[in-house]
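Trainee:
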Amino acid sequence: MNDQRKKVAQFVLPRGFAGRVTVIFMNRGHKSIYKNVAKVLKLQPEDDLLEVACGNGYFLRKYAPHVHSVAGLDLSELMVKSAIKKNKARITEGTAEIVKGDAVQLPWGNNRFSVVTTMGSFTIFPKPLGSLKEMHRVLRPGGRAVIAIEWNAEDGLDHTKHVKKYGMKMYTEGEARAMMKEAGFSEISITYAKGFMMPKMMVVRGVK
Ligand SMILES: C[S@@+](CC[C@H](N)C(=O)[O-])C[C@H]1O[C@@H](n2cnc3c(N)ncnc32)[C@H](O)[C@@H]1O
């Protein structure tokens, strides 16, 4: 691991022992995110769901056991291994797949999923528009995308440190809408929810 890589925060790319500990706290701290996203996703038994930056696959296992198929993608090798372990039963059954990859280059063909989501991660994506375009590409016509942007420029918090130290991006509602539109989504709607240390979590929904 080079020096530059060492500086990457654990929540951006979980790895090693510290990554294992981080993700335990992440699952607890993100409970309100999972609940709010699930509420907007309204997952149905016939859905084929993709979660981009799925972490250790907690959401897929806990909130999507009833859907037709689930897929998860994450950049962290540690997270991919954990997500495979967590969703092993479904993988064996053939209704789940977990892969290592980047949000900006999804390894699936066009129109593969009926639902795509990402949570707890969008502000750290280096190429947010490219990632949204990819999510749009792999969705089938009529499919829905739900993007949670927990910290944002509308929430009244001072994010100077997060922006400077971690390179996180804080989006306004207008910017989020514009990116969704440019990525090709229609019927864009934004709702807000509250969570632990998240006074105004943005939940962005769009349809292909
Ligand atoms: C804060 S964690 C959130 C994990 C999960 N969504 C959750 O809420 O439990 C951020 C995740 O994004 C992943 N990640 C960061 N950059 C990524 C990228 N460009 N493509 C895919 N995953 C990425 C990290 O490896 C990490 O697992």
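Residue numbers (the numbering used here): 9 to 216. Built from N, CA and C at the ideal position, the CB exists for glycine as well.
(1) Using only CA atoms, which one of A26, V48 and G63 lies nearest to H38?
(2) Terminal residues of the continuous beta strand (DSSP E) containing L81?
(3) For G65, tell me which candidate among Q18, D55, D82 and K50 has the shortest Cα-Cα distance.
(4) Using the C-alpha atoms, what's the distance from K141 back to R36?
(5) Can you give me the Cβ contacts of R120 inside the same chain, cut-off strictly under 6 angstroms, excluding the 5 residues immediately before and after it?
(6) Given 8 angstroms as the limit, is there contact between the region 91-103 and the region 124-131, that is, 3 or more CB pairs closer than that?
(7) On the three-state DSSP scale, how would you describe V20?
(8) Less than 6 angstroms separating the Cβ of A191 from some heavy atom of ligand 1?
(9) Once DSSP output is grouped into helix, strand and coil, what is the label at G150?
(10) From P115 to G109, what does the alpha carbon distance come to, in whole angstroms?
(11) Exposed or buried, F204, counting other C-beta atoms within 10 Å across all chains shown (16 or more means buried)?
(12) Taking all protein chains shown into account, decide if N118 is buried (16 or more other Cβ within 10 angstroms of its Cβ) or exposed.
(13) So what does DSSP say about S40, is it helix, strand or coil?
(14) Say the cut is 6 angstroms; is the CB of S122 nearer than that to a heavy atom of ligand 1?
(15) Identify every run of the alpha helix (DSSP H) within the region 163-191, keeping only runs that are complete inside it and at least 4 residues long; order them along the chain.
(16) On a CA-only basis, which of E105, D55, V171 and K189 is nearest H144? Give me that one, please.
(17) Mapping DSSP to helix, strand and coil, what is V215?
Mentor: According to the data block:
(1) The sequence position of residue 38 within the sequence shown is 30, counting from 1. Of the listed residues, the one whose Cα sits closest to H38 is G63.
(2) For this step, residue 81 is matched to residue 73 along the sequence shown. Here the beta strand (DSSP E) through L81 covers S77 to D82.
(3) Numbered from its first residue, the sequence shown carries residue 65 at position 57. Nearest C-alpha to G65 among Q18, D55, D82 and K50: D82.
(4) Position 28 of the sequence shown, counted from the start, is the residue given in the question as residue 36. Position 133 of the sequence shown, counted from the start, is the residue given in the question as residue 141. When rounded, the distance between both Cα atoms is 30 angstroms.
(5) On the sequence shown, position 112 is the one that residue 120 refers to. Closer than 6 angstroms at Cβ, skipping near neighbours: V146.
(6) No, they do not touch.
(7) Mapped onto the sequence shown, residue 20 falls at position 12. Under the three-state reduction of DSSP, V20 is assigned to coil, being neither helix nor strand.
(8) Residue mapping note: residue 191 aligns to position 183 of the sequence shown, counting from 1. Remark: the C-beta of A191 is outside contact range of ligand 1, defined as less than 6 angstroms to any heavy atom.
(9) The residue given as residue 150 occupies position 142 in the sequence shown. Of the three classes helix, strand and coil, the one that applies to G150 here is strand, per DSSP.
(10) What you label residue 115 is simply residue 107 of the sequence shown in a count that begins at 1. What you label residue 109 is simply residue 101 of the sequence shown in a count that begins at 1. Approximately 8 angstroms between the Cα atoms of the pair.
(11) To locate residue 204, count along the sequence shown from 1; it is residue 196. By the neighbour-count rule (16 or more Cβ atoms within 10 Å), F204 is not buried but exposed.
(12) To locate residue 118, count along the sequence shown from 1; it is residue 110. Exposed is the call here.
(13) Translated into positions along the sequence shown, residue 40 becomes position 32. DSSP places S40 in helix when its eight states are reduced to three.
(14) Taking the sequence shown and counting its residues from 1, one reaches residue 122 at position 114. The answer is no for S122.
(15) If we require 4 residues or more, the alpha helix (DSSP H) runs fully inside the region 163-191 come out as 168-174 and 181-191.
(16) Reading the sequence shown from its first residue, position 136 is the one you call residue 144. Nearest C-alpha to H144: K189.
(17) For the purposes of this step, residue 215 is identified with residue 207 of the sequence shown, where counting begins at 1. Assigned with DSSP and collapsed to three states, V215 falls in strand.
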